Amino acid sequence: GAPAEQMVAYTSSQAHSSLEKGAMLTGFGHIRLLDVDAEFAVRPAALTGAIEADRRDGLVPAFLGSNVGTTGTAGVDPLRPLGEIARAEQMWHHVDAAYGGSAMICEEFRHHHDGLELVDSYTFNPHKWLATNLECSVMWVADRRPLIDTLSVTPPYLRNPASESGRVIDYRDWHGPLGRPFRALKLWFVLRGFGAEGLRRMIRNHVGWARELAERVDDHPRLERIAPVHFALVSFVHRDGNEATDALAADINSDGRFYVTPSEIDGRRFVRISVGSTWTTADDVEALWDLIEASA
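Quick note: the sequence shown uses the working numbering, first residue 74, plus one each step.
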């Protein structure tokens, strides 16, 4: 393989900071943050152009991180064309679906997974939107052998018949730490307690309420939505500019009943409303809109 300093990782300019940090910790010599389109999804042409430029410079494209629900705007990258590029370039293709992955329990959102068969690994966080407390992240790999071959260290005191016969899976070979808490237990209880249909109902309610909020934002003379509502995240600005947008977020948060997070893209401040609490009701969303309208 190529030396780490020649290897390049690619991901969206809108990706969560953990992707960039992970590439740094892994030792990639270069990280490319790719341009996005008007809906904050990576443009395949941006990836192709970056790869061509890096190959001309003698670098080695090695990793692509795609997103299903970016942090700021819930943007969704086109997995199929990106996956085809990654396959052609023999790059590892990881999908960060930390937020949007929970919605895939509902069939109507699975078009966002088109091209998933081209993916090497996938993660999503039930603690973000699947009624599960922090921390709970789910990881899937198409082929676990490269992961295990890279991370396996087996001193005599860790050897045992069950592990060496393959009767049990040693997750110590899947990540950095030797030990790990039983995180799956709380997710098991959520699945048993809510059931698949209960969780689908919760997700669908949240998306429906978010879309209603988005329609009201669109109809408001002083507010402007900046991104599509793929899931249950509504991102918008105050038309009077950044100071007015930050003031609106501060007014909402100072009320004490709700919490929104401001962010920024290309120098433009915006407000993020994530309808995602396990216990959120339609009345809560209505009260939030009343507060927004009074503050805007």
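Glycine included, every Cβ here is placed at the ideal spot set by N, Cα and C.
Note that the structure is a prediction, hence the values are computed from the model and not measured.
Segment limits, beta strand (DSSP E) that includes residue i
i: R298; result: L296 to R298
i: G138; result: V133 to N140
i: M177; result: Taken as a continuous stretch (DSSP letters only), M177 belongs to no beta strand (DSSP E), as it is neither H nor E.
i: W165; result: W165 to D169
i: V344; result: R341 to S347
i: W362; result: No beta strand (DSSP E) contains W362, which is instead part of the alpha helix (DSSP H) from A355 to S368.
i: H200; result: Element bounds for H200: not the beta strand (DSSP E) but the alpha helix (DSSP H), P199 to W202.
i: V149; result: First-last for V149: undefined, no H or E at that position.
i: W213; result: V211 to V214
Enclosing alpha helix (DSSP H) for residue i [first to last residue]
i: F267; result: A257 to D292
i: T84; result: Taken as a continuous stretch (DSSP letters only), T84 belongs to no alpha helix (DSSP H), being part of the beta strand (DSSP E) at M80 to S85.
i: L98; result: S90 to T99
i: R128; result: P117 to R129
i: T318; result: N315 to S327
i: P234; result: P234 to S238
With 16 other Cβ atoms within 10 Å as the buried cut-off, status of residue i
i: Q163; result: exposed
i: F304; result: buried
i: K94; result: exposed
i: E134; result: In the sequence as displayed, the identity of residue 134 is Pro instead of Glu. Looking at its Cβ environment, which holds 16 or more other Cβ atoms inside 10 Å, P134 is buried.
i: L70; result: The question about residue 70 has no answer, for the chain in this structure spans 74 to 369.
i: V280; result: buried
i: R105; result: buried
i: H184; result: exposed
i: G349; result: buried
Close beta carbons around residue i, own chain, < 8 Å, minus the five adjacent residues each side
i: P229; result: none
i: R217; result: W247
Beta-bridge pairing of residue i - partner residues as DSSP gives them
i: V333; result: DSSP, once it has assigned bridges, lists no residue as partnering V333.
i: R105; result: Y83
i: I338; result: R341
i: V310; result: E297
i: S194; result: H167 and V214
Sequence-distant residues of its chain with Cβ nearer than 7 Å to residue i (five each side left out)
i: V109; result: S85, S86, Q87, V115, R116 and G148
i: A287; result: R298, V302 and V307
i: D319; result: P335 and R342
i: T395; result: Residue 395 lies beyond the residue range present for the chain, which begins at 74 and ends at 369; the question has no answer from this structure.
i: L98; result: none
i: S175; result: F197, P199, K201, W202, L203 and I276
i: L189; result: L152
i: I178; result: A269, L272, R273 and I276
i: N326; result: Y332 and V333
i: L132; result: Q79, V81 and H103
Neighbourhood of residue i by C-beta, 6 Å cutoff - its chain only, sequence neighbours within 5 removed
i: G100; result: A77
i: A323; result: none
i: L137; result: Y83, A159, M164 and H166
So, does the segment 266–274 touch the segment 239–252, judging by three or more C-beta pairs under 8 Å? Flag = no, the segment 266–274 and the segment 239–252 do not touch.
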